[in-house]
Each structure stands twice: as C-alpha cells, then as structure tokens.
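Chemist: Residue numbers (the numbering used here): -7 to 426.
All C-beta atoms, glycine included, are put in the ideal place defined by N, C-alpha and C.
Being a predicted model, the structure only gives us computed values, none of them experimental.
Okay, here's the structure, questions in a sec.
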C-alpha cells in the first residue's frame, strides 16, 4: 500500500483499519501529512527536507526532554511557592508530588496513544482516529487552549517586568517584544525549534543552580516542619493548583510521533521515548520541590504567603561581597526571561501547527504572526495581575481537562478500530513492506 512506503522498513504499520480509514477519507497517511505539514515526507533520519516539513525521527529523545522541561518550567515558578504556602503550608512538597503523579498518568496515556500511531504527530493522526470533523474540532480546541496559555504567560511576564525590573516601561512594550521573538522562532523548522530548546536547556539548569545555591546560606530548617503540614489533606486538595505549573507537558502529543521512528529502528522505542517523557516530568518535579522548599526554609509559610514574587525575593536576600556580581537578582531575571521565552515558544509553535493542520496549510508557519496578534489582544484583557492569575488558573484546569479528554478519546478510538498495542521490533523481526 502507498502509505507503507512513506516509512522505513523498520517502522511499518500493519493495522488494516488504518489503511481502510485512509481509503475511506480519500487520503493515505503520506498524502495527509503532505497536506497538513506542507511538504513530501522524507525518510531521511537526519531531520527535515528543505521545505522544513515534519518527518519521522526529526527529534532525539534528549530534545524531547529539553522541549518538555522548558515548556513546563516558566512563569509559574515565580508564584508557585506563594500559592502552596497559602494552601498546603509546610506540606507543599507533598502537593507537588501528588500533582506529578497525575501528570505521569496522563503522560502514560499520551505515550500509549503515540505507540499506536508511530511516526505521526497528533496533527496527523487525530483526524484519522476521530474522523475529519471530530479531529479538527479537537485540534481547534487544543490550539485555542494553547493560544490562551500564550496570552496569559505573556501577560504575567509583562506584569513581572514592570513590577520588578523596568518600572517605567509600559506593559504593552514588554509583551510585544517577547511575542515578536516567539513569532520569529515559530516561523522556523522543527529542527531549528528543537535545537534552540536543546541548547538552552542545560545552561538554564546550570545557571539556576549557580544563582540559587547561595540562598542556602539563609535557610532555616526548622521552618520546614511539620513535613506533612497541619493536615496532609490540605496538600492533596492543593495539588490541582500545582497541575497548572506542569502544563506544557502536553506538547508531547506533538513531539512523540516525531521522535519515535528512530527509536523503533533501534528496537528501543518504549524504553527511549517513554523514558524521555517521564524524565522531563521528573526533572520539572525536582525543580518545583527544590524551589518551594527553599522558599519555605527562607521565609516560613506565613511570610511566604504574602509575597507576590517569592523566588525573586529569595534571590534578593543573597549577598556575595567581594565577588564581581554581588547581587544575584539581575542574573536571575535574565535567566528567568530566557525560561519564559522557551515556554512561550513551545506553546506558540505547537498552536501554530495545530491551526495549520485544521486549515490544511502547506506552510503552518505563516500563521505565526496572526497567532501572536490574537495572543496580544487576549493578554491585555485582564484588568489586573490578580485577574490574570485567576484567568490562568481557569485555563490551567480547562487545559488539563481537555488534554485528558482528547487523549482518552484517541485511545478509545484506536481500540475500537482494533489497533493492537505495539511492541518493539528489531529489523530482523520486521521484514518491511511486501
């Protein structure tokens, strides 16, 4: 069949319902991906064809980790300690772990769905699994959620900048500059996008350690007790507030299919691709636990609950006399701006490709500027910082629910059509197309 020839011999799909569904809709997977992503499919493992089309094996597992961690750790990390100090007290670490467990379950569902559709991003397989109408509705809903997330992250970024850094700069200027940078990034290929995320990942982690490590000199361990807080149930009920800080992990819907074919060929699909996704969640969890516990140990739960930007206040307490940089708040702000940029890039890039798939555009990157214009308009709607945070909470809950529903419907549709679970095959086990 024609669509089999679009994959390397080690990545053959043998589900007859796939061929039947594609035949019924009048398109093979190859032609569907051409329509949705803008160029003929290349089986070259090195990445992309000159047109910048998405292709199987475009991403490495490390790039998946980098994109997911950068997407999750962003603007929310500044206010998360305040929220947890108010809602969970000294049991804040437990709330983070409960939220992480929920995210791991959803991540397992996304990877399970990706296993059944190897080599395809969700922009290609959702219209096949859910039908042309249902698939497009799902993609539109996901794109709108990401668009709202871009708007609110940009707004909170602007609020922080005019409050703590550039006091006389209009908030519109800060937001426009950040969205302009993100727009330029979203017009690049998936290879350029992933490479930038990869290059910024390790420096961000190392710089965060260098900047925050001196704060240990101000830690008072007694402020961390009792470890479970006054009531452990407060930690469980506070977990939904933490889930919003993990949003960005759902970018895995888009990335997983682009990383799986290379892993299939090596016979390590489940181990490499799943471990990459779970490692990203584990890294983000570690960052959140360290930041929250450090804030509690420096300020205590009652003072912490009153601080607007607790992490910045931690950095301001650091003094390094005799060092070239005696105050660490300036390097921290630069580090945080880069983290916000990578978070916005992940949401913006994915939303652009989702809308491009809905409209069958050959070049989804042409939507990057319109998406940014709409995001700017939405970002200016909340009348205050508090209103923006409340709207962000609603978007977080709605986004998480949407991801769960789309993933569950995708899995149910694949099972209903008789798609068996996948297992890793070596080249010798998989003879390829006949």
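Between the beta-carbon of residue 144 and the beta-carbon of residue 343, is there less than 8 Å?
Modeler: Numbered from its first residue, the chain shown carries residue 144 at position 152. Numbered from its first residue, the chain shown carries residue 343 at position 351. No; because the gap between Cβ atoms is not below 8 Å, this pair is not in contact.
Chemist: Select from 373, 350, 392 and 375 the residue whose C-alpha is nearest the C-alpha of residue 124.
Modeler: Along the chain shown, one-based indexing puts residue 124 at 132. Residue 350 is the option with its Cα nearest to residue 124.
Chemist: With a cut-off of 8 Å on the beta carbons, I'd call residue 365 and residue 242 a contact; round off their distance for me.
Modeler: As a position in the chain shown, residue 365 is number 373, starting the count at 1. As a position in the chain shown, residue 242 is number 250, starting the count at 1. Rounded, the Cβ-Cβ distance is 24 Å, inconsistent with contact.
Chemist: Taking just the CA atoms, how far does residue 130 sit from residue 358?
Modeler: As a position in the chain shown, residue 358 is number 366, starting the count at 1. As a position in the chain shown, residue 130 is number 138, starting the count at 1. If you take the alpha carbons of residue 358 and residue 130, they lie about 21 Å apart.
Chemist: In angstroms, rounded to a whole number, what distance separates the CA positions of residue 75 and residue 289?
Modeler: Taking the first residue of the chain shown as 1, we reach residue 75 at position 83. Taking the first residue of the chain shown as 1, we reach residue 289 at position 297. Straight-line Cα distance between these residues: approximately 15 Å.
Chemist: Using 10 angstroms around the beta-carbon of residue 285, count the other beta-carbons present and answer buried if the total reaches 16, otherwise exposed.
Modeler: Against the chain shown, residue 285 aligns to sequence position 293. Buried, by the Cβ-count rule.
Chemist: Between which two residues does the alpha helix (DSSP H) containing residue 223 stretch?
Modeler: One-based indexing of the chain shown puts residue 223 at position 231. It is not in any alpha helix (DSSP H) - residue 223 carries neither H nor E in the DSSP assignment.
Chemist: If you draw a straight line from the alpha carbon of residue 203 to that of residue 85, how long is it in whole angstroms?
Modeler: Residue mapping note: residue 203 aligns to position 211 of the chain shown, counting from 1. Residue mapping note: residue 85 aligns to position 93 of the chain shown, counting from 1. So the alpha carbons of these two residues sit roughly 21 Å apart.
Chemist: I need the straight-line Cα distance from residue 175 to residue 219, nearest angstrom please.
Modeler: The count along the chain shown starts at 1 and reaches residue 175 at position 183. The count along the chain shown starts at 1 and reaches residue 219 at position 227. Spanning the two alpha carbons is a distance of roughly 44 Å.
Chemist: Rounded to whole angstroms, what's the CA-CA distance from residue 81 to residue 53? Just pull it up for me.
Modeler: Within the chain shown, the letter at position 89 stands for residue 81. Within the chain shown, the letter at position 61 stands for residue 53. Cα to Cα, the separation comes out at about 37 Å.
Chemist: Nearest to residue 151 by CA position, among 381, 89, 403 and 385, is which residue?
Modeler: Stepping through the chain shown from its first residue, residue 151 is reached at position 159. Looking at the Cα atoms, 381 is the closest of the given residues.
Chemist: Less than 8 Å between the CB atoms is what I'm expecting for residue 142 and residue 339, so what's the real figure, rounded?
Modeler: The count along the chain shown starts at 1 and reaches residue 142 at position 150. The count along the chain shown starts at 1 and reaches residue 339 at position 347. Confirmed, Cβ separation roughly 5 Å.
Chemist: Run through DSSP, which three-state label would residue 180 get?
Modeler: Counting from 1 along the chain shown, the entry for residue 180 is found at position 188. If DSSP states are grouped into helix, strand and coil, residue 180 belongs with coil.
Chemist: Please say whether residue 173 and residue 333 have beta carbons closer to each other than 8 Å?
Modeler: Here residue 333 corresponds to residue number 341 of the chain shown, with the count starting at 1. Here residue 173 corresponds to residue number 181 of the chain shown, with the count starting at 1. Contact: yes.
Chemist: Under 8 Å, do residue 187 and residue 374 count as touching if we go by C-beta distance?
Modeler: In the chain shown, the residue the question calls residue 187 occupies position 195. In the chain shown, the residue the question calls residue 374 occupies position 382. Not in contact: residue 187 and residue 374 (Cβ atoms no closer than 8 Å).
Chemist: Between the alpha carbons of residue 327 and residue 200, how many angstroms are there, rounded?
Modeler: Residue numbering aside, residue 327 sits at position 335 when the chain shown is read from its first letter. Residue numbering aside, residue 200 sits at position 208 when the chain shown is read from its first letter. Taking the straight line from one Cα to the other gives about 7 Å.
Chemist: Looking at residue 238: is its Cβ nearer than 8 Å to the Cβ of residue 276?
Modeler: Counting from one through the chain shown, the residue named residue 238 turns up at place 246. Counting from one through the chain shown, the residue named residue 276 turns up at place 284. Cβ distance < 8 Å, so residue 238 and residue 276 count as in contact.
Chemist: So which of 291, 69 and 403 has the shortest CA-CA distance to residue 210?
Modeler: Counting from 1 along the chain shown, the entry for residue 210 is found at position 218. Here the closest residue by C-alpha is 291.
Chemist: Which residue from 348, 250 and 221 puts its Cα closest to that of residue 109?
Modeler: Here residue 109 corresponds to residue number 117 of the chain shown, with the count starting at 1. Checking every option, the nearest Cα to that of residue 109 belongs to 250.
Chemist: Please check the pair residue 307 and residue 207, which I expect to be a contact at CB under 8 Å, by giving their CB distance rounded to whole angstroms.
Modeler: By one-based count along the chain shown, residue 307 stands at place 315. By one-based count along the chain shown, residue 207 stands at place 215. About 7 Å separates the two Cβ atoms, so the contact holds.
Chemist: Does DSSP put residue 65 in a helix, a strand or coil?
Modeler: Taking the chain shown and counting its residues from 1, the one referred to as residue 65 is at position 73. Coil at residue 65, not helix or strand.
Chemist: Between the Cα of residue 311 and those of 296, 205 and 297, spot the shortest distance and give me the residue it belongs to.
Modeler: For the purposes of this step, residue 311 is taken as the residue at position 319 of the chain shown. Selected option, being the one with the closest Cα: 205.
Chemist: In this structure, does DSSP put residue 87 in helix, strand or coil?
Modeler: For the purposes of this step, residue 87 is taken as the residue at position 95 of the chain shown. Three-state result, residue 87: helix.
Chemist: Run through DSSP, which three-state label would residue 385 get?
Modeler: The residue given as residue 385 occupies position 393 in the chain shown. Of the three classes helix, strand and coil, the one that applies to residue 385 here is helix, per DSSP.
Chemist: So is residue 42 buried or exposed if we call it buried at 16+ other beta carbons inside 10 Å?
Modeler: In the chain shown, the residue the question calls residue 42 occupies position 50. For residue 42, the predicted model reports a pLDDT of 31, less than 50, meaning its position is unreliable and no value from the coordinates is stated.
Chemist: Can you give me the C-alpha to C-alpha distance between residue 274 and residue 92, rounded to a whole angstrom?
Modeler: Indexing the chain shown from 1 puts residue 274 at position 282. Indexing the chain shown from 1 puts residue 92 at position 100. Taking the straight line from one Cα to the other gives about 8 Å.
Chemist: Anyone know if the C-beta pair for residue 105 and residue 403 falls short of 8 Å?
Modeler: Counted from its first residue, the chain shown places residue 105 at position 113. Counted from its first residue, the chain shown places residue 403 at position 411. Contact flag set, yes.
Chemist: When we look at the beta-carbon of residue 356 and count the other beta-carbons within 10 Å, is it buried (16 or more) or exposed?
Modeler: Position 364 of the chain shown holds residue 356. Per the 10 Å Cβ criterion, buried.
Chemist: Tell me the rounded alpha-carbon separation between residue 217 and residue 69.
Modeler: Along the chain shown, one-based indexing puts residue 217 at 225. Along the chain shown, one-based indexing puts residue 69 at 77. Taking the straight line from one Cα to the other gives about 22 Å.
Chemist: Please report how far the alpha carbon of residue 40 lies from the alpha carbon of residue 184, in whole angstroms.
Modeler: Here residue 40 is taken as the residue at index 48 of the chain shown, counted from 1. Here residue 184 is taken as the residue at index 192 of the chain shown, counted from 1. Confidence is the limiting factor: at residue 40 the pLDDT is only 34, short of 50, which leaves the residue's position unreliable, though a coordinate-based value still follows. Spanning the two alpha carbons is a distance of roughly 10 Å.
Chemist: Since residue 124 is in the alpha helix (DSSP H), which residue starts that stretch and which ends it?
Modeler: As a first step, residue 124 must be located in the chain shown, where it is residue number 132. Run containing residue 124: 114 to 152, per the alpha helix (DSSP H) assignment.
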